[in-house]
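Single-structure report; data block below.
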Amino acid sequence: MGIVDHLAWTGRDQHAQVASLLATLRDVWRCRRIVVGATGLGAGTADFLRAALGDVVERFTFTADTKSRLGFALLAAINGGRLRTYSEESPANDCAATFWRQMTACRATLVEGRRLRFGVPDAEGHDDYVMSAALCVRAAGMAMLLPATAVVGWAVEFADGRY
Numbered sequence: 008m009g010i011v012d013h014l015a016w017t018g019r020d021q022h023a024q025v026a027s028l029l030a031t032l033r034d035v036w037r038c039r040r041i042v043v044g045a046t047g048l049g050a051g052t053a054d055f056l057r058a059a060l061g062d063v064v065e066r067f068t069f070t071a072d073t074k075s076r077l078g079f080a081l082l083a084a085i086n087g088g089r090l091r092t093y094s095e096e097s098p099a100n101d102c103a104a105t106f107w108r109q110m111t112a113c114r115a116t117l118v119e120g121r122r123l124r125f126g127v128p129d130a131e132g133h134d135d136y137v138m139s140a141a142l143c144v145r146a147a148g149m150a151m152l153l154p155a156t157a158v159v160g161w162a163v164e165f166a167d168g169r170y
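One point on numbering: in the working numbering, the residue at position 149 of the sequence shown is 156, and numbering is uninterrupted.
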């Protein structure tokens with residue numbers, strides 16, 4: 008799986024943002040599976056995309072447990088070499104530096120119940136790009152595979168906490 012681009016729609020009204028997002032997902036990238044954060048501000052966007060694109064869209068609700076599983080899957084994809092991204096120096100767009108800054112600042116901690124808490128500390132900024140990468144990993148793991156492709160399952164969590 009590869010992340011080849013990031014797009015950011017800032018300074019535009021919400022209607023223009025979701026219209027551009029829909030056109031990009033449907034007409035440019037032609038996504039077969041989309042996972043959208045549906046907690047808080049993302050709920051409206053998730054509902055809009057689900058109505059427009061149907062079952063292709065999964066509304067993902069962040070809780071401590073679901074975010075933990077998302078984090079373990081992201082770590083497994085990174086450590087297993089299954090997540091590829093563009094380089095930090097990518098001229099693709101201005102989002103590259105922000106993506107790499109957030110990925111570098113991201114911290115993970117094991118907490119009670121063998122859950123993973125991960126994100127960028129508040130003092131160091133946001134973690135939107137980290138979460139988008141994790142949601143991409145989830146979408147890639149759930150996409151309908153074309154014939155002659157390898158099946159890559161979700162990370163297995165062992166009793167000792169390894170994945």
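Just so you know, even glycine gets a beta-carbon here, dropped at the ideal spot from N, CA and C.
Alpha helix (DSSP H) segment containing residue i, residue limits
i	result
Arg-105	First, the amino acid is wrong: residue 105 is Thr here, not Arg. It spans 102-112 - the alpha helix (DSSP H) in which Thr-105 sits, taken as one unbroken run.
Phe-69	No alpha helix (DSSP H) holds Phe-69; DSSP gives it neither H nor E.
Arg-57	49-60
Leu-29	21-30
Integer-rounded CB distance, given that residue j should sit under 8 Å from residue i
i	j	result
Ala-84	Met-149	So it is not a contact: roughly 13 Å between Cβ atoms.
Leu-29	Ala-59	6 Å
Ile-176	Cys-113	Because residue 176 is not part of the residues shown, which for the chain are 8 to 170, the question remains open.
Ala-141	Ala-80	7 Å
Cα-Cα separation, residue i to residue j
i	j	result
Glu-200	Gly-49	Absent from the structure is residue 200, since the part of the chain shown begins at 8 and ends at 170.
Ala-104	Ser-94	9 Å
Ala-45	Val-25	14 Å
Thr-31	Arg-37	8 Å
Leu-123	Asn-86	16 Å
Val-35	Trp-16	16 Å
Gly-18	Arg-89	34 Å
Gly-51	Phe-69	15 Å
Residue i, buried or exposed, once every other Cβ within 10 Å from all chains shown has been counted against 16
i	result
Ala-71	exposed
Asp-101	exposed
Ala-23	exposed
Asp-129	exposed
Gly-78	buried
Arg-145	buried
Ser-27	exposed
Boundaries of the beta strand (DSSP E) in which residue i is found, first to last residue
i	result
Gly-44	41-44
Arg-145	Taken as a continuous stretch (DSSP letters only), Arg-145 belongs to no beta strand (DSSP E), being part of the alpha helix (DSSP H) at 135-149.
Leu-123	122-126
Beta-carbon contacts of residue i that lie in its chain and below 7 Å, excluding the five residues immediately before and after
i	result
Arg-57	Val-64 and Arg-66
Closer than 6 Å: residue i CB and nearest the ligand MN heavy atom
i	result
Leu-90	The ligand MN is absent from the structure shown, which contains no ligands of any kind.
Neighbourhood of residue i by C-beta distance below 8 Å, restricted to the same chain and skipping five residues each side
i	result
Val-127	Gln-109, Ala-112, Cys-113, Arg-114, His-133, Asp-134 and Val-137
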